[in-house]
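Under my numbering, residues 3 to 282 are what the sequence shown spells out, in order.
All C-beta atoms, glycine included, are put in the ideal place defined by N, C-alpha and C.
Being a predicted model, the structure only gives us computed values, none of them experimental.
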Amino acid sequence: MNPLVYIILVNWNGKNDTLECLSSLQKVTYTNFKVLVVDNASGDGSVEAIRKEFSNIELITNKENLRFSGGNNVGIQYALNNNAELVLLLNNDTTVEPNFLSELITISEKNKNVGIVGAKIFYYTNKKRLWYAGGTINFKTGMSKHRGIREVDTKKYDNVEEVDYITGCCMLLKREVVEKVGMLDESYFIYGEDADWCLRAKNAGYKLMYAPSAIVYHKVSVSSGGNFSWFKNWNKLKSNLRLLWRYADWYYWFVIPFTFPAGVLLSYLKAKREAKELSR
């Protein structure tokens, strides 16, 4: 029997992106799923447009912007209350391949210890370049990274394997994981909450798996002002420090004050250089 999946999208003034994502989800081949949009008090006509174009979509309207964690938590609780066996968080600024959900579920169901599964994610504007092919966390340097980011896909990351974290852009969780480790931590203003959730699940004994045959395309940082905006990078820095404070063993703090600032600077310069090269 195919488990019931709730796909949760959080929308905040992203009408056009959300409508495109919902249109993409209409083509999904897996049959036993429902789509829930949680709107964070949008003022761009999103709610009206969704109701008009997608009458089959379940919709929750929040009275204020609860951001990523709060909005998703509202959706997750609704899904659990409505008998969801699996919950999929999906960014509203994505589109998906029709079989992506089936591929995620196949990996999830292979092993009872698999708790969270993530997709292979490409840039929406350049569908040959990777944005995410599994996440790594290095407590020695204090850096969390996407494998393969901005690389042309050469099938290098085509193995199903365990990773350090799954990006919240697309993450499939079993119901029991949420019931055991709790919801997303809303103390993270933005960024880091997905890695925190993954580390809690991992510490509870669950495996985090990367499913390369599940393909998603991401517009990247639309809601935070772009890939190199001050808002995005400042908040990523704060969230990363919060994550380190919680999960890095005490002995890592002999090196983190030195390696982390250097890692942030080098990562930023590398990303800027690669983005410049890609724009040529």
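TRP133 sits buried, since 16 or more C-beta atoms from the chains shown fall within 10 Å of its C-beta. ILE9 and ASN83 have their C-alpha atoms roughly 14 angstroms apart.
Contiguous alpha helix (DSSP H) elements confined to the segment 7-83 occur at 17-27, 48-55 and 69-83, taking only those with 4 or more residues. By the C-beta criterion, the segment 89-96 is judged to be in contact with the segment 9-26, since at least 3 inter-stretch pairs fall below 8 angstroms. For SER189, no beta strand (DSSP E) encloses it, and the DSSP letter there is neither H nor E. Comparing C-alpha distances from ASN85 to each of GLU195, LEU6 and GLY184 shows the shortest one belongs to LEU6.
A Cβ-Cβ contact shorter than 7 angstroms links LEU106 with ALA216. For PHE102, the closest C-alpha among the options TRP247, VAL218 and TYR249 is that of VAL218. Under the 10 Å beta carbon count, THR156 is surrounded by fewer than 16 other beta carbons and is classified as exposed. With at least 16 other beta carbons inside 10 angstroms of its own, THR169 counts as buried. A straight-line Cα-Cα distance of about 26 angstroms links GLY120 and ASN67. Distance check between GLU163 and each of GLU60, ARG53, ASP198 and GLY137 places GLY137 closest, using alpha-carbon atoms only. Between LYS122 and TYR167, the beta carbon gap of about 15 angstroms keeps them out of contact (Cβ cut-off 8 angstroms). Taken through DSSP and simplified to helix, strand or coil, THR127 comes out as coil.
In this structure, GLY77 lies near VAL40, with their beta-carbon atoms less than 7 angstroms apart.
Within the DSSP bridge table, the entry for TYR219 names THR97 and PHE124 as partners. Leaving aside the five residues that flank PHE56 on each side, the residues in its chain whose CB is nearer than 6 angstroms to its CB run, in chain order, LEU24. By the C-beta density criterion, LYS176 is buried, having at least 16 other C-beta atoms within 10 angstroms.
A Cβ-Cβ separation of about 7 angstroms places ASN115 in contact with GLY207 under the 8 angstroms criterion. Looking at the DSSP output, ALA213 shares a beta bridge with ALA121. Distance from the Cα of GLU181 is smallest, within the candidate group ASN161, ALA43, ALA197 and ARG202, for ARG202.
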